[in-house]
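Position 424 of the sequence shown, counted from 1, bears residue number 957 in my numbering, the numbering being contiguous throughout. Just so you know, even glycine gets a beta-carbon here, dropped at the ideal spot from N, CA and C.
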Amino acid sequence: MFTVQLQKYASDKYEKRKKYYGCLLADIEEGLKGCKEEEAVLMRFLYGTMPLRDAGEYGFDVFLSFVQHALWLRREREWCRKLPEEIFIHYVLYYRINSESISDCRNFFYEQLKDRLEGLDLKAAILEINYWCAENAAYEATDERTVSPMTMFRCKRGRCGEESTFAVTAYRSVGIPARQVYTPRWAHCDDNHAWVEVYLEGDWYFLGACEPEEELNRGWFTQSANRALLIHSRRFSEFPVASLEETLGQEGVLTYCNHTSYYARTEEALVIVKDAYGKTVEGAQVSLEILNMAEYYPAAVLVTDSKGEIRIKAGLGDIRVRAFIGEVFGERKLTISPGVKEELLLHTQSNNWLSDRWEWEEYRAPTEHPLHPAYESKEQKEKNTARIKTARDIREKNLLSCYDEEVETLYPEDLEAICRAGENIQELKAFLTRDQKELRKQLLLHLSEKDFKDLKAEILEDHLEPYSEEYGFSRENYYRYVLCPRIFKEELTPYKSFIRNYFSKEEKEVFAKEPDLIWKYIKAGIGYIPEEEYETLCATPIGSLRLGLGSPLSQSILFVAICRSLHIPARLNPVTQAPEYLCHGVFVSPEKVASANTATLVLKKKKDSRWSYYQNWTIGKLKGMQFETLVYEGKVFWENELKLSLEEGIYRLIAARRMPEGHQKVCERVFRLVEGERKVIDMAEWKTEMQIPKNRVKLENFLFNSSSGKKSSLFELVRQKPAILAFLGTGEEPTEHVLNELLDMADTWNNSTGRMLIVLRERFELENITLGKVLAKLSGIEIYFDSSDSCNRAAVMLQLNEDKLPVLILADREGNSVYACGGYHVGSVEFMRRLLEEQKQ
């Protein structure tokens, strides 16, 4: 069934990998002996290409289930049988899509879908599968840990990365090649996005995951994608060596494919890296960085060739390039345009580079230029609308059937987490009803909301131990830093019993007396081979010990896990993610017992200026040759001042401001902190002019219904006070972003007496959880309903996309549109709020 080329590739890759598998190798070899010839080829391919971390986390049988299902599809499904070998290998067989938890799920998904696809051609099947996805999953803003497709099926909600992983799994389960496509950061607004591409008759087509349409190459994100700087996908090997798709190079086991040209206008940029003497530099790393969320995000890293060159096709906007090798580096803004060719000179760190002054720059986002305009007939639109409503009803009915009032009684402390648990509510019930110990609630209180979706009762039991005064630290420290099984974003495992059985009594006694020796043990015994890993993945403590390998972050997680297993309070530093344990009431690093907070940085702002971390400012520390953004999310200025305790080193402050058209003004300041120093910096400030659009458009006097049924006209509503008119589609990702943006700025909104008229399509949309939070936390929000297609008419009048919500319009007292935007524009609410303030003045 498979070519000699694939068989040789799989065998060669596996043989090179065997030395890393250590004590796991015997079980792998034994498993291969029991495989049929074709199964063995694919198992060698997987074990030869997978992130090494996965071999320590999942058993042989899990991978074999993916192989056997893929082989069955290759034999039984005609559309799968006709696929080119490399397409089948990468986009049907492969078990991993991105960073999701892995479980045996392909046959389950196939069983859910098989009857539904009976008699459909391939294109119709692709469209139908996405409707099934919508019946079983919808968008919800949540943390970055990616749950498994099975968890998504059971809890019905997840962020775009989880929706797309879920949809790709559905397609691959029936033999349709699919992949997750991703823009690591947008250029025109502060966020990212993932969607799906499917392979149909020799070409790739895109669609929104769990967001069905009546045709391919449609999605709310299309408009945003044509303004992207970089769009790519991942695959977990370089087979075949000669690919027709443009690659962005490799990072660990990943090969990145560049798809930007399919979505946006692009040009090829040439960057030449030279040393201080003008000689070209081979082997330098060149990081392509997108200014987003007030940081330079490394979207891709390429390596210079023998001529010191890298070439990249990217969208027609501004991107930051930073080249480095050894102890030298160089950086500059690069404007992607026809024939662009830039040189980067490398230099060493010096005080001349550390200017310690604000330096201004402007970064321009690509302009809009649709490459995939879509026409939707009236019949298609009506059919799609009806089917999406049906999908929502099915999904919500299934969720409602999961709810268990007994669990609400047992754990009233977090009813929202219970509601979001879906089918996993039974695991919660099993854990809570085993006995009535208050300790069970304390453990749950220190988990993340997402943990409620996939926690297992037996795993939590492993961590359930009562507090003792003999421990010598507070009960609260015990609950947070010993009892809690959650350390970072790793999968939850029963690591405490494993660790206690793994080490000898003598080792545990030594570690308990001197926790620094735990770190020395890890650094000596747990290796890391970055070229054989996927850096995004965290190994669990059990996986790291089994394999004897783990990334630096995984090693830190292991340190914390061993400490907690020995009743030593431990954590990852919330700012730097460095491992720490409690010593005499203070958290210290095992690498340096003395406190690492050796300098004080005082940031000062003007009275009325608003600073929000990851929105208009960040601070990063230089580690090696790159800056790593510190995690100060939620930090606020108190009385116009913010004090930060920092290690000595080199830091970069970034202050950014997004303009209405998506461009950005940015200030950055690079400086050094030394031990004992107290440094004061005034935050960079911009002029306050809002550049209010001069050409106002007179709106139609739309009629809306209030919740009580009373009719009100737009002109009546805004006559006394201007407002943001917001046509929303609750439950849809772009609208969820708008609602979450409102929640993030609740204090600012309430203090500014903002006003928003939210217009919904149906009354059931009031049941949306995020909207409910907005109505509870924010003042000045009024709800209306539209049954006369007002949104479409307003969008056409203002030359916006009439098919995609949300549509936001700032209406003055005369019923004119001052400013409007449609679709996906993170930051638009804050911009309109500021405009609204000026309108009131």
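A distance below 7 angstroms separates the beta carbons of PHE1260 and LEU1338.
Between the alpha carbons of GLU929 and GLY1262 lies a distance of about 16 angstroms. Under the 10 Å beta carbon count, GLY848 is surrounded by 16 or more other beta carbons and is classified as buried. Distance check between PRO1074 and each of LYS812, LYS569, VAL680, ARG1097 places ARG1097 closest, using alpha-carbon atoms only. The shortest CA-to-CA distance from TYR704 to any of ILE869, CYS613, TYR1165, GLY1348 is the one to CYS613. Taking the CA atoms as reference points, GLU695 sits about 13 angstroms from ILE635. A direct Cα-Cα distance of roughly 21 angstroms separates GLU1194 from THR793. For GLY1355, the enclosing beta strand (DSSP E) begins and ends at 1349–1355. Uninterrupted beta strand (DSSP E) stretches at least 3 residues long and entirely within the stretch 670–744 occur at 711–716, 726–733, 736–740, given in chain order. When DSSP states are grouped into helix, strand and coil, PRO1074 belongs to the helix group. In this structure, DSSP gives PRO1112 an extended state, which the three-state scheme calls strand. The beta carbons of MET683 and ARG607 sit about 23 angstroms from each other, so the pair does not count as a contact at 8 angstroms.
Taking a contact as a CB-CB distance under 8 angstroms, the pair LYS874 and LEU803 counts as one, their CB atoms being some 5 angstroms apart.
For TYR789, the uninterrupted beta strand (DSSP E) run begins and ends at 787–791, by DSSP.
The C-beta distance from ILE1214 to LEU1155 rounds to 17 angstroms, too long to meet the 8 angstroms contact threshold.
Residue pairing of LEU1105 in beta bridges, as defined by DSSP: PRO1112.
Note that the C-beta distance between ILE805 and GLY841 is below 7 angstroms.
Counted as a single uninterrupted DSSP element, the alpha helix (DSSP H) harbouring PRO1267 occupies residues 1266–1277. Between PRO584 and LEU1082, the CB-CB gap reaches or exceeds 7 angstroms.
If you look at ARG855, you'll find it in the beta strand (DSSP E) that goes 851–858. The DSSP-derived three-state label of PHE642 is helix. Where PRO1085 is concerned, the enclosing alpha helix (DSSP H) starts and stops at 1085–1098. Closest by C-alpha distance to ARG1367, out of CYS1354, HIS1358, LEU1343, is LEU1343.
Beta-bridge pairing by DSSP links LEU1179 to ALA1132. About 27 angstroms separates the Cβ atoms of SER681 and TRP719, ruling out a contact at the 8 angstroms cut-off.
Taking a cut-off of 8 angstroms for Cβ pairs, the stretch 1107–1115 and the stretch 618–629 do not touch, as fewer than three such pairs fall below it. In this structure, ARG1211 lies away from ILE1183, with their beta-carbon atoms at least 7 angstroms apart.
The residue among PHE1237, ASN1283, ASP1345, LEU1163 with its C-alpha nearest the C-alpha of GLU828 is LEU1163. DSSP, reduced to helix, strand and coil, places ALA1328 within a helical segment of the structure shown. The beta carbon of ALA832 sits closer than 7 angstroms to those of PRO717, ARG718, LEU763, LEU821, GLU822, ILE823, all from its chain and outside the five residues before and after it, given in chain order. Under a 10 Å Cβ-count criterion, SER1323 is classified as buried, with 16 or more other Cβ atoms of the shown protein chains found around its own Cβ. About 5 angstroms separates the beta carbons of VAL940 and LEU961, which is inside the 8 angstroms limit, making them a contact pair.
Here LEU1293 carries a strand assignment [DSSP, helix/strand/coil].
According to the DSSP assignment, ASN825 belongs to the beta strand (DSSP E) that extends over 818–825. Within the stretch 748–789, the complete beta strand (DSSP E) segments of 3 residues or longer fall at 765–768, 780–784, listed in chain order.
With fewer than three CB-CB distances shorter than 8 angstroms, the stretch 995–1011 does not count as touching the stretch 1042–1051.
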